[in-house]
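Here the working numbering is used: position 93 in the sequence shown is 93, and no number is missing along the way. Every residue gets a Cβ at the ideal spot worked out from N, C-alpha and C, and that includes glycine. Notes follow once the structure below has been shown.
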Amino acid sequence: MPEHTLKTYTVDCRLGTIFAAESPRGLCALTLPSHNSRDFALLLDRRAPRAAILPVEAEETLSGRQLLAYLAGRGTSLDAPLDLRGLTPFTVAVMERVRAIPHGQTLTYGRVAREVGRPAAARAVGQVMHHNPVPLFVP
């Protein structure tokens with residue numbers, strides 16, 4: 001029996017295809033154009049192994065509408081809810097802190113590590129961001 005249903009969609013942009021999945025709680029998986037459908041299937045298997053898959057049009061999801069507007073240059077806000085279930089508390093803390101960085105600003109991994117209470121974990125912050133399951137929404 002599926003744990004829940006994921007709405008999956010694709011968005012074509014000038015660099016290729018973006019694959020995404022949104023659960024009832026929010027965006028849970030997204031691949032950049034450098035990845036393919038097999039990479040996306042592997043990401044879905046890690047993020048929601050028992051989920052039923054329902055292909056939809058991007059416009060049918062909040063994250064899809066925001067992504068389409070962003071790629072069309074009509075907005076910078078990618079603030080749709082995220083579904084970060086299954087990630088470690090440290091990973092969630094890092095992703096939430098990074099997501100809160102204002103558009104156009106940056107923080108070092110060391111600063112993010114300090115701000116999430118793990119001052120010696122700059123490399124771990126880098127690993128979290130390297131394995132980020134929702135890039136663009138958590139840049």
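Cβ-based neighbour list, residue i, same chain, cut-off 6 Å, excluding 5 preceding and 5 following
{"i": "A122", "result": "Y109, G110, A113"}
{"i": "T76", "result": "H103"}
{"i": "G126", "result": "Y109"}
Exposure of residue i, with buried meaning 16 or more beta-carbon neighbours within 10 Å
{"i": "Q105", "result": "exposed"}
{"i": "R47", "result": "buried"}
{"i": "L6", "result": "buried"}
{"i": "G117", "result": "exposed"}
{"i": "M1", "result": "With a pLDDT of 31 at M1, under the threshold of 50, the modelled position of that residue is not reliable, and no figure is offered here."}
{"i": "G73", "result": "exposed"}
{"i": "G16", "result": "exposed"}
{"i": "P133", "result": "buried"}
Identified DSSP bridge partners for residue i
{"i": "P55", "result": "T8"}
{"i": "L82", "result": "L27"}
{"i": "E22", "result": "K7, L27"}
{"i": "T17", "result": "D12"}
Contact set for residue i: own chain, Cβ-Cβ below 7 Å, skip 5 residues either direction
{"i": "L62", "result": "A80"}
{"i": "L87", "result": "none"}
{"i": "L107", "result": "I101"}
{"i": "P33", "result": "C13, L15, G16, T17, I18"}
Same chain, Cβ closer than 8 Å to residue i, neighbours up to 5 away in sequence not counted
{"i": "V128", "result": "F90, T91, V94, M95"}
Pair within 9 Å by beta-carbon distance, residue i and residue j
{"i": "L54", "j": "V138", "result": "no"}
{"i": "C13", "j": "L84", "result": "no"}
{"i": "P135", "j": "L68", "result": "no"}
Min CB distance residue i to chain B below 9 Å
{"i": "T8", "result": "The chain labelled as chain B is not found in the depicted structure, where only one protein chain is given."}
Query raised in the report: Are the region 14-26 and the region 37-54 in contact at 8 Å, needing three or more beta carbon pairs?
Result: yes
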